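Written out below as structure tokens is the structure these notes cover.
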Amino acid sequence: MDAILIQILNGLDKGGAYALIALGLTLTFGTLGVVNFAHGALFMLGAFCAVLFNKLLTFSTKVKDESITFFDAYKEQPYLELWFGDLGTTIIDYSVPLSILFAIPVMLLIGVIMERGLIKHFYKREHADQILVTFGLAIVIQEIIRHFFGANPIPMPPPEIVSGSAPLGAMLGLNENLVYPWWRLIYLAFSLLIIGAVFAFLKFTTFGMVVRAGMADRETVELLGINVQKRFTIVFGIATVVAGLAGVMYAPILPPDYHMGMDFLVLSFVVVVVGGMGSLGGAVLAGFMLGLLQSFASMNEVKSILPGIDQIIIYLVAVVILLVRPRGLMGREGVFED
Amino acid sequence: MKNDNKTPTLDRRGFLKASVATGLAASSPFFIQNAFAKGETFRNAPKAGAKTITLGFNVPQTGAYADEGADELRAFKLAVKHLNGEGDGGMMNTFKPSALKGNGVLGKKVAFVTGDTQTKSDAARASAKRMIEKDGVLMISGGSSSGVAIAVQGLCQEMGTMFMAGLTHSNDTTGKDKRRYGFRHFFNAKMTGSALGPVLKEEMGTDRKAYHLTSDYTWGWTQEESIKETTEGLGWKTVKTVKTPVGAGDFSQYITPILNSGADTLILNHYGKDMINSLTQSVQFGLRDKQVNGKNFEIIVPLYSRLMAQGAGKNLQGILGTTNWNWALTDEGSKAFVKSFGKEYGNPPSQAAHTCYVQTLLYANACEVAGTFYPPEVIKALEGFKFDGMGNGKTEYRAEDHQCFKDVLVVRGNEKPTSQFDLLKIVKQVPRSAVEYDAKIFGGDLGPYKV
Numbered sequence: 023m024d025a026i027l028i029q030i031l032n033g034l035d036k037g038g039a040y041a042l043i044a045l046g047l048t049l050t051f052g053t054l055g056v057v058n059f060a061h062g063a064l065f066m067l068g069a070f071c072a073v074l075f076n077k078l079l080t081f082s083t084k085v086k087d088e089s090i091t092f093f094d095a096y097k098e099q100p101y102l103e104l105w106f107g108d109l110g111t112t113i114i115d116y117s118v119p120l121s122i123l124f125a126i127p128v129m130l131l132i133g134v135i136m137e138r139g140l141i142k143h144f145y146k147r148e149h150a151d152q153i154l155v156t157f158g159l160a161i162v163i164q165e166i167i168r169h170f171f172g173a174n175p176i177p178m179p180p181p182e183i184v185s186g187s188a189p190l191g192a193m194l195g196l197n198e199n200l201v202y203p204w205w206r207l208i209y210l211a212f213s214l215l216i217i218g219a220v221f222a223f224l225k226f227t228t229f230g231m232v233v234r235a236g237m238a239d240r241e242t243v244e245l246l247g248i249n250v251q252k253r254f255t256i257v258f259g260i261a262t263v264v265a266g267l268a269g270v271m272y273a274p275i276l277p278p279d280y281h282m283g284m285d286f287l288v289l290s291f292v293v294v295v296v297g298g299m300g301s302l303g304g305a306v307l308a309g310f311m312l313g314l315l316q317s318f319a320s321m322n323e324v325k326s327i328l329p330g331i332d333q334i335i336i337y338l339v340a341v342v343i344l345l346v347r348p349r350g351l352m353g354r355e356g357v358f359e360d
Numbered sequence: 538m539k540n541d542n543k544t545p546t547l548d549r550r551g552f553l554k555a556s557v558a559t560g561l562a563a564s565s566p567f568f569i570q571n572a573f574a575k576g577e578t579f580r581n582a583p584k585a586g587a588k589t590i591t592l593g594f595n596v597p598q599t600g601a602y603a604d605e606g607a608d609e610l611r612a613f614k615l616a617v618k619h620l621n622g623e624g625d626g627g628m629m630n631t632f633k634p635s636a637l638k639g640n641g642v643l644g645k646k647v648a649f650v651t652g653d654t655q656t657k658s659d660a661a662r663a664s665a666k667r668m669i670e671k672d673g674v675l676m677i678s679g680g681s682s683s684g685v686a687i688a689v690q691g692l693c694q695e696m697g698t699m700f701m702a703g704l705t706h707s708n709d710t711t712g713k714d715k716r717r718y719g720f721r722h723f724f725n726a727k728m729t730g731s732a733l734g735p736v737l738k739e740e741m742g743t744d745r746k747a748y749h750l751t752s753d754y755t756w757g758w759t760q761e762e763s764i765k766e767t768t769e770g771l772g773w774k775t776v777k778t779v780k781t782p783v784g785a786g787d788f789s790q791y792i793t794p795i796l797n798s799g800a801d802t803l804i805l806n807h808y809g810k811d812m813i814n815s816l817t818q819s820v821q822f823g824l825r826d827k828q829v830n831g832k833n834f835e836i837i838v839p840l841y842s843r844l845m846a847q848g849a850g851k852n853l854q855g856i857l858g859t860t861n862w863n864w865a866l867t868d869e870g871s872k873a874f875v876k877s878f879g880k881e882y883g884n885p886p887s888q889a890a891h892t893c894y895v896q897t898l899l900y901a902n903a904c905e906v907a908g909t910f911y912p913p914e915v916i917k918a919l920e921g922f923k924f925d926g927m928g929n930g931k932t933e934y935r936a937e938d939h940q941c942f943k944d945v946l947v948v949r950g951n952e953k954p955t956s957q958f959d960l961l962k963i964v965k966q967v968p969r970s971a972v973e974y975d976a977k978i979f980g981g982d983l984g985p986y987k988v
């Protein structure tokens with residue numbers, strides 16, 4: 023029972039990350055018709071927003087390191103600690119959640135610049151061109167990050183208060199040994215919150231209604247005199263912010279490195295295809311479903327029967343679903359079909 | 538009168554002349570071969586009058602080990618500087634017996650080219666091949682992966698070029714895949730197991746249940762095998778060994794099954810980015826706070842590096858492992874090297890930097906001792922070479938497998954660091970005699986001197 027619960031939670035929080043990235047991908051594809059291979063890089067940029075914000079908070083003065091006698095070495099003393107003492111230390115401790123405030127405008131700006139500066143020139147080009155240019159862009163972004171932050175993962179600890187594990191067993195009246203990392207639980211809650219917010223935005227606001235209408239039938243909406251393009255640009259920005267926030271909050275789970283976006287990108291594309299191209303609900307459903315499947319496939323009991331199944335389960339299920347439902351779980355007719 | 542009809546006879550003088558001529562003719566191939574061998578007939582032999590020789594430093598400049606590669610490159614540049622008589626000389630002042638003069642190697646200045654292995658065997662081989670064929674290098678060095686080292690070592694054997702391995706820890710490098718043209722100064726997984734065993738017994742007892750997470754390539758396999766052999770020798774049980782793909786990123790799916798496996802010890806046969814991620818996530822899943830079988834759950838990271846410790850942060854504090862060298866050692870060689878490297882770059886060197894620096898000096902010294910760059914002679918000068926003053930105490934390049942034997946450091950992630958670099962605390966300096974093993978146990982064949 024404990025093992026099953028742990029696998030469910032593990033699958034859900036992994037699925038949360040897949041769902042958030044796939045949601046952004048689907049938004050971009052559904053509105054602008056662009057297959058954005060740079061979306062994984064945006065997730066990575068989000069994580070590096072957390073790193074950069076932490077670096078800003080820990081901007082330091084150099085103090086000679088007297089403990090090193092062989093050569094002149096210096097250690098860093100953050101100004102925040104010098105100026106505010108314990109309060110400064112606390113602010114630095116909370117750098118990851120605080121960096122959300124920093125990441126939102128930064129990612130929005132990156133999204134708008136990316137769309138206006140590059141992507142818009144490829145709307146009328148073939149999907150192959152879009153894939154090439156966005157993939158190229160992803161590599162450029164990666165290399166820029168590697169240049170400034172190095173290739174090694176940078177640890178980004180969560181706030182001290184949630185750095186340990188939640189005593190789930192004691193809380194639920196189960197085995198007392200049953201624990202689960204606090205931050206992963208927070209991530210799961212956060213991903214559900216963001217997914218809910220995006221859906222609510224599209225469902226309950228006029229802006230969202232126009233976007234949905236535009237996704238369904240762009241020509242008709244434009245004939246009504248609505249500037250759909252402008253709204254879609256904003257949607258691209260929102261998709262960028264969603265990917266970025268997914269990255270910011272993932273930083274304590276997986277120390278960010280310049281390559282982390284690529285690791286998620288491939289899986290997220292599978293999620294989008296399984297969910298159904300252009301279907302927001304499908305992306306979320308498939309994200310959680312594939313996360314859970316991957317988690318259960320990694321149990322030793324399963325692997326002892328089918329060795330290596332954890333590595334291929336997602337692709338295997340994708341093949342089966344596409345054979346049974348070629349448009350994915352919730353795909354609509356006519357999307358990505360000539 | 539001259540008798541033209543006289544039958545030819547051989548007089549004493551004629552016999553002597555004929556003997557000398559025949560002897561000379563018969564032995565000329567050897568003379569010629571040896572003369573050329575030492576001067577011209579081997580690949581990339583320096584041309585007569587050449588003022589420089591070129592070495593190839595093939596390190597990961599991109600990919601997961603890029604920071605380690607960058608530190609290796611710093612060390613190579615420093616070694617070249619010292620060989621050419623620039624700077625403070627570093628360990629050239631403490632290395633003995635040394636034939637190095639500080640005027641290059643055999644009177645020729647040392648130049649170098651660099652390549653990017655990308656931590657991929659095929660890219661590393663392509664880069665090494667370019668260095669040998671286009672840049673004319675006499676020796677290749679670098680790391681930081683056993684898969685890469687074994688691939689490049691094989692290529693160097695085929696092409697008759699010396700390979701002085703950088704950071705590579707798999708038993709196979711000087712075991713089943715050893716090559717006559719390849720030499721490893723770094724220690725290996727077998728030595729890690731031998732060094733770690735007594736400390737594990739002392740600190741964790743003889744009744745433990747171990748669970749291994751292992752990188753799925755040559756280094757991970759051999760480390761798992763060596764550590765398993767050691768811990769089972771202590772009386773520990775191995776609950777399960779699980780292979781993980783290199784660069785898995787999120788290890789939670791491998792960690793969650795450990796929670797209910799009954800294991801009380803996790804052995805992470807991971808390196809670089811994998812180790813940082815798997816350790817961080819293991820700590821997040823509460824493994825270090827857990828009590829199993831009435832004991833505190835323990836994590837062991839058999840191969841440590843200071844750069845990894847930087848990445849893992851405080852998660853590594855208190856965890857046991859081994860290392861080839863540490864900048865905090867106080868012998869004269871280490872002090873000289875740290876001072877020189879620190880002055881140049883503002884950081885102490887990593888163990889990867891140390892081994893690369895030492896390998897470059899050892900190659901140069903072997904050329905001086907052999908009096909030639911001809912690889913078979915250089916190889917003979919390195920085989921069985923005993924030296925000191927390079928930071929590891931008395932060291933020997935064993936002739937049978939080209940593995941260096943020296944003391945091994947058992948370290949612990951420092952719980953009370955006194956400086957930003959003070960990340961590893963030396964628990965024990967295990968003497969060479971305790972980590973030595975019979976070269977025959979891993980099989981393999983060095984191959985010929987002449988290729």
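Residue numbers (my numbering), protein chains in the order written: chain A, 23 to 360; chain L, 538 to 988.
For each residue, glycine too, the CB sits at the ideal point set by N, CA and C.
It should be emphasised that the depicted structure is a prediction, and the values quoted were computed from it without experimental measurement.
What whole-angstrom Cβ distance do L:Glu609 and L:Ala918 have, given they're in contact under 8 Å?
Not really, about 24 Å apart at Cβ, beyond 8 Å.
beta-carbon A:Phe70 near the ligand SAM non-hydrogen atom, thresh 7 Å
No copy of the ligand SAM occurs in the structure displayed, which carries no ligand at all.
Neighbour-count burial assignment, A:Arg347, 16 or more Cβ in a 10 Å radius:
Exposed: under 16 other Cβ atoms inside 10 Å.
Whole-angstrom distance between L:Cys693 and L:Gln940, CA atom to CA atom
For L:Gln940 and L:Cys693, the distance between alpha carbons rounds to 17 Å.
Chain L contact residues for A:Asp115, given Cβ-Cβ distances below 8 Å
None at all; the shortest Cβ gap to chain L is about 13 Å.
Taking L:Ala865 as the reference, which of L:Lys633, L:Asn951, L:Gly712, L:Val689 has the closest Cα?
In this structure, L:Asn951 is the residue among L:Lys633, L:Asn951, L:Gly712, L:Val689 with its C-alpha nearest to the C-alpha of L:Ala865.
Give the DSSP bridge partners of L:Glu933, in chain order.
The partner list for L:Glu933 (beta bridge, DSSP) reads L:Lys923, L:Phe942.
Of the residues that make up the stretch 862-878 of chain L, which ones have a beta carbon closer than 7 Å to any beta carbon in chain A?
Along the stretch 862-878 of chain L, going in chain order, the ones with a CB nearer than 7 Å to a CB of chain A are Lys872, Val875, Lys876.
Endpoints, beta strand (DSSP E) assigned at L:Gly593:
589-596 is the span of the beta strand (DSSP E), which, as asked, contains L:Gly593.
Length of the line joining the Cα atoms of A:Ala41 and A:Ile216:
Taking the straight line joining both Cα atoms gives about 10 Å.
With H, G and I counted as helix, E and B as strand and the rest as coil, what does DSSP make of L:Thr651?
Note: L:Thr651 maps to strand in three-state DSSP.
Nearest residue (CA-CA) to A:Gly68, options A:Gly107, A:Ile122, A:Asn58:
Comparing Cα positions, the closest option is A:Ile122.
Got a sec, what are the start and stop residues for the alpha helix (DSSP H) L:Phe720 sits in?
Taken as a continuous stretch (DSSP letters only), L:Phe720 belongs to no alpha helix (DSSP H), being part of the beta strand (DSSP E) at 719-721.
Specify the secondary structure class of A:Pro127 as computed by DSSP and reduced to three states.
In this structure, A:Pro127 counts as helix in the three-state DSSP scheme.
Roughly how many angstroms lie between the CA atoms of A:Pro277 and L:Gly641, to the nearest whole one?
Taking the straight line joining both Cα atoms gives about 43 Å.
Could you check whether the stretch 929-938 of chain L touches the stretch 662-676 of chain L, counting it as contact only if at least three pairs of C-beta atoms, one from each stretch, sit closer than 8 Å?
Between the stretch 929-938 of chain L and the stretch 662-676 of chain L, the count of C-beta pairs closer than 8 Å stays below three; the two stretches do not touch.
Short-range partners of chain L found in the stretch 88-122 of chain A, where Cβ spacing is below 7 Å:
Only Ser89, Ile90, Phe92, Phe93, Ala95, Lys97 from the stretch 88-122 of chain A bring a Cβ to less than 7 Å from some Cβ of chain L.
Can you give me the C-alpha to C-alpha distance between L:Leu803 and L:Phe834, rounded to a whole angstrom?
One C-alpha to the other measures close to 8 Å.
In whole angstroms, what separates the C-alpha of A:Ser326 from that of L:Lys777?
Approximately 11 Å, taken between the alpha carbons.
Using DSSP with H/G/I as helix, E/B as strand and the rest coil, what is L:Ala702?
Collapsing the DSSP output to three states places L:Ala702 in a strand.
Looking at A:Ala261 and A:Val295, is the spacing between their C-beta atoms short of 8 Å?
In this structure, the beta-carbon distance from A:Val295 to A:Ala261 does not fall below 8 Å.
Contacts around L:Asn621, its chain only, beta-carbon distance under 8 Å, and the 5 residues preceding and following it disregarded
Around L:Asn621: Gly639, Asn640, Gly641, Lys646, Val647.
Helix, strand or coil at L:Met845 [DSSP, three-state]
In the three-state DSSP reduction, L:Met845 falls in the helix class (H, G or I).
Taking 8 Å as the CB-CB limit, is L:Tyr791 close to chain A?
So yes, L:Tyr791 belongs to the interface.
Interface partners of L:Lys880 on chain A, CB under 9 Å
Near L:Lys880 (Cβ distances below 9 Å), the residues of chain A are Phe92, Phe93, Asp94.
Give a yes or no on whether the C-beta atoms belonging to L:Gly926 and L:Met628 are separated by under 8 Å.
Yes.
Express the C-alpha separation of A:Ala265 and A:Gly110 in angstroms, rounding to a whole number.
Rounded to the nearest whole angstrom, the C-alpha separation of A:Gly110 and A:Ala265 is 29 Å.
Take L:His722 and list the residues in its own chain whose beta-carbon comes closer than 6 Å to its own, dropping the five residues that flank it on each side.
The beta carbon of L:His722 lies closer than 6 Å to those of Thr892, Val895, Gln896, Cys941 in the same chain, with the five residues before and after it left out.
State yes or no: is the beta carbon of A:Gly186 nearer than 8 Å to at least one beta carbon in chain L?
Interface annotation, A:Gly186: in contact with chain L, CB-CB separation under 8 Å.
Contacts of L:Pro529 in chain A (Cβ-Cβ under 8 Å)
The shown model of chain L, from 538 to 988, leaves out residue 529 of chain L, and the question about it has no answer.
Is it a yes or a no for the stretch 188-197 of chain A touching the stretch 164-176 of chain A, going by three-plus beta-carbon pairs under 8 Å?
Contact between the stretch 188-197 of chain A and the stretch 164-176 of chain A is absent: fewer than 3 CB-CB pairs across the two stretches fall below 8 Å.
Determine which residues share a DSSP beta bridge with L:Arg949 and list them.
Its beta-bridge partners are L:Leu857, L:Lys962.
Whose C-beta lies closer than 6 Å to the C-beta of L:Ala574 among residues of the same chain, with five residues either side of it excluded?
Confidence is the limiting factor: at L:Ala574 the pLDDT is only 44, short of 50, which leaves the residue's position unreliable and the question unanswerable from this model.
Ordered list of alpha helix (DSSP H) runs contained in the stretch 629-684 of chain L, each at least 4 residues:
Runs of the alpha helix (DSSP H) lying entirely within the stretch 629-684 of chain L and spanning at least 4 residues, in chain order: 658-670.
How many angstroms separate the CA atom of L:Phe878 from the CA atom of L:Pro885?
If you draw a straight line from the Cα of L:Phe878 to the Cα of L:Pro885, it is about 6 Å long.
Give the straight-line distance between the Cα atoms of A:Pro180 and L:Tyr791, rounded to the nearest whole angstrom.
Rounded to the nearest angstrom, the gap between the Cα atoms of A:Pro180 and L:Tyr791 is 22 Å.
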